[in-house]
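Per this note's numbering, the sequence shown starts with residue 427, numbered consecutively.
Have a look at the structure below, then the notes.
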Amino acid sequence: MPTRRHFLIGFVATPIVLPGLAHAAGAPARLSLTPTCGDDDDLTPAQTEGPYFTPESPEKQDFASDAPGGERITLAGYVLTENCRPVSKALIELWHANENGLYDNSGYKLRGHQFTDGEGKWWFDTIVPGTYPGRTRHYHLKVQRPGGSVLTTQLYFPGEPLNERDRIFNTSLLLNVSPTDDGKFGRYDFIVA
């Protein structure tokens, strides 16, 4: 079975080929698109910020060292316009609970941001968050293209028993999760205005 690093290398090395961006007529799309990409009125849904957001997070991609006991996951994807164009230099901010369902509310453990590369790609190495009363397993994110509005949303895990009982769970915000030899690899593409 491949490792998270193999998935990430494959993701980073694969050039983006999307509808409208293909260099040759009839060129196949090599990227599994977010279902709403290309549909002008279906952007990534917004969700509540929640009570644990802390502004001014550090720029970083490695969250895993903040929680050495957690199950490893690499999160990755694209930021795209509603016309499936990649957005470079988009802000991606991530924060989430540790493996025990607790947030660091006095510092910046499991909190940070980065900017998409020239092809709109983003990724974080982190852990699978724990659950806490009333919520299913989830990540909080803010996404903003240069000069655009801030999208505040959450991402969820497929097959979680608490998904159906979580009052704000949304199936269109499910990560595409693959198991690896050393954890998981989760994929999600954001569609922003």
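From the three backbone atoms N, C-alpha and C, an ideal C-beta is built for every residue, glycine too.
Predicted, not measured: the structure shown is a model, and the values here were computed from it.
Distances from the CA of G573 to each of Q487, A516, G436, L506 were compared; the closest alpha carbon is that of A516. Linking L536 to S598 through their CA atoms gives a straight-line distance of about 24 Å. Exclusion of the five residues before and after W521 leaves R537, H566 as the residues of its chain whose Cβ lies within less than 6 Å of its Cβ.
E525 and Y558 have their alpha carbons spaced roughly 10 Å apart.
With a cutoff of 8 Å on beta-carbon distance, Y582 and T552 are scored as not near each other.
Relative to E482, the option among P428, S604, S532, K610 whose CA is nearest is S532. Its chain contains P605, T606, D607 as the residues whose beta carbon lies nearer than 8 Å to that of M427, once the 5 sequence neighbours on both sides are disregarded; these appear in chain order.
I594 counts as exposed, since fewer than 16 other beta carbons sit within 10 angstroms of its beta carbon. Apart from sequence neighbours up to five positions away, the residues of its chain that approach Y529 with a beta-carbon distance below 8 Å are Y478, W521, H522, A523, L536, ordered along the chain.
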